[in-house]
Structures are given as structure tokens and as C-alpha cells.
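Q:
Protein chains in written order, with my numbering: chain A, 762 to 998; chain B, 762 to 998.
1. Anyone know if the C-beta pair for residue 854 of chain B and residue 970 of chain B falls short of 9 Å?
2. Between the stretch 934-958 of chain B and chain A, which residues of the former have a C-beta closer than 8 Å to a C-beta of the latter?
3. Helix, strand or coil for residue 978 of chain B? Go by DSSP, reduced to three states.
4. Within 10 angstroms of the Cβ of residue 963 of chain A, are there 16 or more other Cβ atoms? Answer buried if so, exposed if not.
5. If we define contact as Cβ-Cβ less than 9 Å, is residue 927 of chain A a contact residue for chain B?
6. In whole angstroms, what separates the C-alpha of residue 935 of chain B from that of residue 788 of chain A?
7. For residue 853 of chain A, decide whether its Cβ has a neighbour in chain B, counting only Cβ atoms nearer than 9 Å.
8. So that I know if they touch, is there some Cβ in chain B lying closer than 9 Å to that of residue 838 of chain A?
9. Along chain B, which residues have their Cβ under 8 Å away from the Cβ of residue 996 of chain A?
10. Secondary structure at residue 940 of chain A, three-state DSSP: helix, strand or coil?
11. Just verifying my parser: in three-state terms, what is the DSSP assignment at residue 992 of chain B?
12. Could I get the ranges of all uninterrupted beta strand (DSSP E) runs contained in the stretch 801-887 of chain A, with 3 residues as the minimum, in chain order?
13. Tell me the rounded alpha-carbon separation between residue 879 of chain A and residue 950 of chain A.
14. Please tell me whether residue 848 of chain A and residue 777 of chain A are closer than 9 Å, where the distance is taken between their beta carbons.
15. Can you list, in chain order, the residues of its chain whose CB lies under 7 Å from that of residue 992 of chain A, leaving out five sequence neighbours each side?
16. Using a Cβ cut-off of 9 Å (strictly closer), state whether residue 993 of chain B contacts chain A.
17. Touching or not, the stretch 790-805 of chain B and the stretch 823-840 of chain B, by the rule of three or more beta carbon pairs under 8 Å?
18. Does the Cβ of residue 942 of chain B have 16 or more other Cβ atoms within 10 Å, making it buried, or fewer, making it exposed?
19. Take the Cβ of residue 883 of chain A as the centre, count every other Cβ of all protein chains shown within 10 Å, and call the residue buried at 16 or more, exposed below.
20. Counting only Cβ pairs nearer than 7 Å, list the residues of chain B close to residue 875 of chain A.
21. Helix, strand or coil: which one does DSSP assign to residue 771 of chain B?
22. Measure the C-alpha to C-alpha separation of residue 994 of chain A and residue 938 of chain A and round it to an integer number of angstroms.
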């Protein structure tokens with residue numbers, strides 16, 4: 762293989778890394794903004810999140826196309842092939858994270874005229890803060906191909922699920938206390954669920970980092986805490 | 762290119778098609794079973810759905826790996842490259858459909874001891890019937906590379922969204938009527954949302970068929986009816 766081909770191949774990989782990093786930045790900002798918009802009932806910020814999603818979708822299509830061409834033209838092997846496949850996977854997860862942030866933003870617009878005690882939102886905010894940290898850490902780990910940091914993110918997903926479960930129960934309780942809370946709390950339930958799913962996607966990215974570094978699929982069961990994800994509670998409880 | 766290479770390449774593509782078809786069959790059955798389990802409160806059937814998801818996950822990993830190797834080894838061009846990329850995309854959507862069906866099944870287990878009027882479940886069942894039809898039609902369209910049928914599925918997603926919106930309002934009303942309905946109806950809301958999202962994945966597959974046949978991305982806006990997806994209603998309404 763000539764020097765020239767090797768070097769333009771490296772450039773292709775470097776371009777992919779840059780695009781993933783850009784996508785990560787957009788997805789992180791969308792998530793932070795969606796969460797801030799929810800806490801502050803800021804519909805302008807929410808609209809920004811909705812608009813930003815188009816950029817993320819375009820980036821994902823671009824990354825997928827370039828990665829496929831790279832595989833077809835350069836026939837990468839071993840670590841290079843894994844890095845290209847990983848770029849496709851991670852861009853898919855980031856695109857989904859953007860969709861979920863956009864969904865939260867749309868709900869902010871829907872509930873903007875509802876005057877509800879702020880404390881109801883605080884639980885979602887706390888959970889969102891944790892997931893934002895997960896997302897930041899996993900993107901750093903991907904950039905650095907740091908499997909230890911990735912495994913740490915992977916382990917922490919159980920805590921997010923546990924938090925979601927207690928939030929789920931709390932929101933049901935507010936709904937039972939006062940039917941005027943039902944509509945608002947239902948949207949918050951979906952927001953919380955979206956945040957939890959963003960957490961799942963950070964876990965996917967952590968698994969991709971493991972695959973990228975080792976060539977193996979992480980087959981251990983995820984540290985799921987989702988038993989009470991499906992809890993029911995009664996008004997008398 | 763020798764006769765031998767062409768023919769083993771065709772075999773590879775044929776294998777991919779067969780695996781996608783198998784995945785489609787498993788995903789369809791999971792969705793039908795999850796819906797039946799919900800209507801009949803059949804926890805045994807629900808457990809079957811949960812178990813079947815492992816098979817779907819394994820099939821997806823296998824298809825992705827084989828498709829990537831096929832691209833790297835055979836460097837397919839034009840339609841063949843698109844078919845291989847499409848196999849990766851469709852297997853991703855089918856895997857997500859399986860996850861959503863599994864999520865419904867888990868909720869069936871959670872609410873199995875709740876005695877609620879059956880009429881509350883009927884709206885979800887009706888919506889699920891429509892989406893099952895969409896899924897069947899889009900899988901047939903993929904097998905036949907039938908863009909007209911795919912476009913028909915794509916158009917019909919708007920009706921599913923509209924149905925979800927009216928169901929959302931209906932379930933909120935039941936919750937406001939009687940706080941004892943809240944826990945049950947919350948799980949049904951998530952089931953309905955999952956069915957709607959399965960509908961979104963059938964739309965994704967329809968778009969992949971368009972890309973496969975034409976090489977172009979369907980850029981028209983989806984016929985979304987999601988304005989009232991984010992509706993709120995008040996107890997006095």
C-alpha cells in the first residue's frame with residue numbers, strides 16, 4: 762500500500778472522528794438546553810432545541826455515508842474497520858439522543874402555560890443532571906478510547922434507572938393527590954422516560970467503546986434496575 | 762470479476778435477505794403476542810415475548826457483522842452497496858421494534874393484577890392492530906422492493922399518530938375520573954406510546970425501501986400528526 766493511500770485513509774478516519782465529536786457537542790447542548798428549558802419553562806430555548814435536531818440528523822446521514830464508502834474503498838481491517846463501524850453506531854446513538862431531547866423540548870412548549878409547583882420538576886432535573894454527566898463522560902471516553910472510563914459509565918446506568926423508578930412513583934403520587942396535576946405530570950413522566958432512554962444510549966456508546974478497543978461485544982448483563990420501572994401504586998398506598 | 766466471486770457474492774446477499782426476513786417474522790410475532798397478551802392479560806404469553814427478544818438481538822448483531830464484512834470484502838457498488846446498507850438499517854429498526862414489544866410485555870406483567878374495565882384497553886388494541894398491519898405491509902414491500910407499497914405505508918403513519926393523540930386524551934380523562942385508574946392508565950399510555958413508536962420504525966423501513974430502490978433519501982416531511990401528541994387537558998374540560 763502506498764504512502765499516499767495510507768495517509769488519505771488516516772485523513773478519512775480523522776474526518777470521521779471530527780464529525781462524531783461535532784455530533785457529540787450538538788447532542789450534549791441539546792440535552793442541556795432541553796433540561797434548562799423544562800426547569801425554566803423557557804419556550805424560546807425549547808424551540809432552539811427543536812431546530813438543532815435537523816443539524817444532528819444531517820450529520821448522522823453524512824457520517825453513515827462516509828463510513829460506508831470508507832469501508833468499500835479502503836477495505837479496512839481489524840482496529841480500523843472497528844473504528845469505522847463504531848462511528849456508524851455512535852452516530853446512531855447520538856441521533857437518537859437528539860430525538861429524545863427534541864421530544865422533551867416539544868413537551869416544554871406543551872406545558873408552558875401550566876402553573877404547577879416547581880418541586881415537581883426538580884426530580885426530573887436531578888436525573889437529567891446525572892445523565893448529562895454520563896453523556897459528557899462517555900463522549901470523552903470515546904475520544905480517548907478509554908475503556909476504563911467507558912466501563913464506569915456503563916456501571917452507573919443502574920443508578921439512573923433506580924432514580925427513574927422513584928421519580929415514576931413520586932409523579933404518580935402527585936397525580937393521585939390532585940387531578941389537576943395529571944396532565945402536567947404525564948408529560949413529566951414522558952420527559953423522565955426520555956432522560957432515562959438517553960442514559961441507555963450513553964450505555965450503548967460505552968459498549969461500542971469496549972467493542973472498539975477489544976473487538977469483543979460486552980456480553981455481561983447490563984446493571985439494570987428496572988424491576989420497579991414497571992411498578993404500580995394505588996391511591997391508598 | 763470471475764463467475765465464482767459474483768456467485769458467492771449473490772449468495773451473501775441472499776443470506777442477508779433471508780436473515781432480514783427471519784428477523785421480520787420474529788418482530789411481527791413479538792408485536793402480535795405483546796398486543797394479545799395486553800388484551801387478555803396473559804402473563805405467560807408476555808414472558809414469551811420477553812424471551813424472544815434475545816433472538817432478535819442476536820440476529821441483528823449477526824446481520825450487521827455480515828453486512829460490514831460483505832462491504833469490506835466485496836466492495837459492492839450502487840444497488841448492491843445500497844442493499845447491504847439497507848440490511849443494516851432495517852435490522853436496526855426491527856431490533857428496536859422488538860425492544861418496544863418487550864417493553865409492552867413487561868408492562869402486561871406489571872398490571873396483570875389490576876382489575877380495570879376492558880374498554881380502557883380496547884383503544885390500545887385498535888391502534889396496535891393498525892400498526893401490525895403497517896409492519897406486515899412494509900416487510901412485504903421490503904422483500905419485493907416495492908416502492909409503491911412502501912410509500913403507502915409511509916403515508917399511513919399520520920393516521921396512527923392521530924389515533925395515538927385521541928387515545929392519549931382518552932386515557933387522561935379516565936385518570937381524572939378516578940384516581941384508581943391512574944397507575945393502570947399510565948402503563949397503558951406508555952404501551953400506546955410504544956405502539957406509536959413501532960409505527961415510526963415501520964416508516965423508517967419504508968424510507969429505507971425508497972433509498973434502496975432509488976439511491977435517494979426521502980426528504981419530504983413525514984405526514985406527522987403530532988401537534989396534539991403534546992396536548993394537555995384539564996379535569997374541568
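Cβ coordinates follow ideal geometry from the N, Cα and C atoms, glycine included.
A: Short version:
1. no
2. 936, 937, 940, 941, 943, 944, 945, 947, 948, 950, 951 and 954
3. coil
4. buried
5. no
6. 37 Å
7. yes
8. yes
9. 940, 941 and 943
10. In the structure shown, residue 940 of chain A sits in a helix (DSSP, three-state: H, G or I).
11. coil
12. none
13. 15 Å
14. yes
15. 926, 929 and 930
16. yes
17. Too few Cβ pairs lie closer than 8 Å, so no.
18. Residue 942 of chain B should be labelled buried.
19. By the neighbour-count rule (16 or more Cβ atoms within 10 Å), residue 883 of chain A is not buried but exposed.
20. Listed along chain B, the residues sitting closer than 7 Å to residue 875 of chain A by beta-carbon distance are 993.
21. Note: residue 771 of chain B maps to helix in three-state DSSP.
22. Whole-angstrom Cα-Cα distance: 13 Å.
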